[in-house]
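In this text, residue positions in the sequence shown follow the numbering used here: the first is 338, and each later residue adds one. Beneath this line is the structure, given in structure tokens, with notes to follow.
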Amino acid sequence: MIWYSVEQTTHPRHAPLGLAGLIRAGLLRLDAFSTRAFPLEEVNQAIQYAHDHGGAFQLTVLTP
């Protein structure tokens, strides 16, 4: 599952539930996203990876 932070000033509080409903209904495809996770200890590599692979639907994640 993909988790992200949504600012309440730009999105209503119910937006994540709406997105989940679209995903369950098959109306929002997640296979277009490419996600690469790095442990926190590899923060510098993660930053470089994000720089080299930035763009639409390209996600770089740091994990604790």
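Here a beta-carbon is modelled for each residue, glycine too, at the ideal position from N, C-alpha and C.
**Report entry** Closest Cα partner of A393 within the set A357, L365, A369, R361
**Finding:** A369
Query raised in the report: Comparing alpha-carbon positions, which option in H388, D389, L377 lies nearest T400?
Result: L377
Query raised in the report: Between the beta-carbon of T397 and the beta-carbon of A383, is there less than 8 Å?
Result: yes
Query raised in the report: In three-state DSSP terms, what is R350?
Result: coil
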